[in-house]
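Report on the following structure.
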Amino acid sequence: MRLGVLDVGSNTVHLLVMDAHQGARPLPAYSHKVELRLAEHLDGDRMSEHGAEQLHNFVREALRIAEDKGVEDLVAFATSAVRDAVNGVEVLDRIKDDTRVDIQVLSGADEARLTFLAVRRWFGWSSGRLLVLDIGGGSLEIASGIDEQPDTAVSLPLGAGRLTRDWFTADPPPAEEVRALRRHIRTEIGRTVGGVVRYGRPDHTVATSKTFRQLARIAGAAPSSEGAYAKRSLTHEAVTGWTTRLAEMSAAQRNTLPGVSIGRAPQLLAGALVADATMDLFELPALELCPWALREGVILRRLDVLPSGSGVRL
1 MRLGVLDVGS
11 NTVHLLVMDA
21 HQGARPLPAY
31 SHKVELRLAE
41 HLDGDRMSEH
51 GAEQLHNFVR
61 EALRIAEDKG
71 VEDLVAFATS
81 AVRDAVNGVE
91 VLDRIKDDTR
101 VDIQVLSGAD
111 EARLTFLAVR
121 RWFGWSSGRL
131 LVLDIGGGSL
141 EIASGIDEQP
151 DTAVSLPLGA
161 GRLTRDWFTA
171 DPPPAEEVRA
181 LRRHIRTEIG
191 RTVGGVVRYG
201 RPDHTVATSK
211 TFRQLARIAG
221 AAPSSEGAYA
231 KRSLTHEAVT
241 GWTTRLAEMS
251 AAQRNTLPGV
261 SIGRAPQLLA
271 GALVADATMD
281 LFELPALELC
291 PWALREGVIL
301 RRLDVLPSGS
311 GVRL
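Structure below.
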């Protein structure tokens, strides 16, 4: 069947259409995304009317596209930007009243669990105990386990976009701001290490998300044009070196690096600081990149529960 997943993220709102059925690997058929940057539309702790209107318009557009592409079932979810807004539920209720699209707000732990599921299905049981890291716009997810459900799933407010907005005042940021953010990140991650590694050291360490993909690309990994099956990895040594270099570069200069988009360039330094701290504190010399992440996890979970579950029949 043809399924659609609508991902309302902190940076990007993304409609992904996939051909999938139980027992088979989902195949992407169509992708439509826009950088709404909803996290930047938070006025204090409320989503602005402008941000809410932009999201509402995108959902209407996504529904039209889904119908054109023959989508039978649409699953929609939102992450930290909507989760952080005190009026987030109100905004989503208005959208549901108009479009019938029920956008579910995922908890940070749910994000970690669903991303972990996608990684497990991609690499399989032979990977043993997995440790999965995902740096989003609003949060960092860490999950570890031996099965399809992780033993532990942690979400920290250490997203690359959030940290850039909250900690940096210039481009490039002053050295003292970089050091202060580095200390903050390491303190927050350090509190979680014991609770994760108590279940055992990982056999396979994996990263997902745009931040890790961009860091891997500028460190020499294969470009996206080589396809999902090209093996990509990222060493801690490379992350450490690039973190130092990125701190001295402006966003415009980062944008000239391979694989770094103009929209993501400003927050790449903060993301690199998170990646460096996580790999250091968990003693990870290298990570393998997984092309599947949260969206694929949502689709896989939906397939697991068919014909029951929530979704919009189109």
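Those letters in the sequence shown? Residues 1 to 314, by the UniProt record's numbering.
For every residue, glycine included, the Cβ atom is placed at its ideal position computed from N, Cα and C.
Kindly indicate which three-state DSSP category residue i falls into: helix, strand or coil?
| i | result |
| --- | --- |
| Ser-126 | helix |
| Leu-131 | strand |
| Glu-35 | coil |
| residue 337 | Residue 337 is absent from the structure shown; the chain starts at 1 and stops at 314. |
| Ser-310 | Confidence at Ser-310 is low in this model, with a pLDDT of 49, below 50, so the placement of that residue is unreliable and no value is reported for it. |
| Pro-266 | helix |
| Ala-81 | helix |
| Gln-214 | helix |
Just to confirm the assignment, what range does the beta strand (DSSP E) spanning residue i have?
| i | result |
| --- | --- |
| Arg-2 | 2 to 8 |
| Glu-288 | 286 to 289 |
| Ala-153 | 152 to 156 |
| Leu-140 | 140 to 145 |
| Thr-208 | 204 to 208 |
Is the beta carbon of residue j closer than 7 Å to that of residue i?
| i | j | result |
| --- | --- | --- |
| Leu-74 | Ala-81 | no |
| Val-71 | Val-17 | yes |
| Leu-15 | Leu-27 | no |
| Leu-117 | His-204 | no |
| Val-197 | Glu-288 | no |
| Leu-163 | Ala-270 | yes |
| Ser-139 | Gly-161 | no |
| Glu-176 | Phe-168 | no |
| Ala-76 | Ile-103 | yes |
Leaving aside the five residues before and after residue i along the sequence, list all residues of the same chain whose C-beta is less than 7 Å from its C-beta, in chain order.
| i | result |
| --- | --- |
| Arg-113 | Ala-143, Gln-149, Pro-150 and Ala-153 |
| Asn-87 | Arg-46 and Met-47 |
| Arg-201 | none |
| Ala-230 | Ala-222 |
Ends of the alpha helix (DSSP H) at residue i?
| i | result |
| --- | --- |
| Glu-237 | 236 to 247 |
My understanding is that residue i touches residue j, with C-beta atoms under 8 Å, so please give their C-beta distance in whole angstroms.
| i | j | result |
| --- | --- | --- |
| Thr-115 | Val-132 | 6 Å |
| Val-8 | Lys-33 | Going by Cβ atoms, the distance from Val-8 to Lys-33 rounds to 11 Å, so no, they are not a contact pair. |
| Gln-22 | Leu-36 | Their Cβ separation, rounded to whole angstroms, is 33 Å, which puts Gln-22 and Leu-36 out of contact at 8 Å. |
| Gly-145 | Gly-159 | Going by Cβ atoms, the distance from Gly-145 to Gly-159 rounds to 23 Å, so no, they are not a contact pair. |
| Asp-134 | Ser-250 | At roughly 27 Å, the Cβ-Cβ gap does not stay under 8 Å, so Asp-134 and Ser-250 are not in contact. |
| Trp-122 | Cys-290 | 5 Å |
Tell me which residues share the same chain as residue i and place their Cβ nearer than 6 Å to its Cβ, disregarding the 5 neighbours each side in the sequence.
| i | result |
| --- | --- |
| Ala-286 | Ser-233 and Thr-235 |
| Arg-83 | Val-105 |
By Cβ distance, which residues of its chain are closer than 8 Å to residue i, with the 5 residues on each side in sequence left out?
| i | result |
| --- | --- |
| Val-239 | Leu-215, Ala-219, Ala-272, Ala-275, Asp-276 and Met-279 |
| Ser-31 | His-14, Leu-15, Leu-16 and Val-17 |
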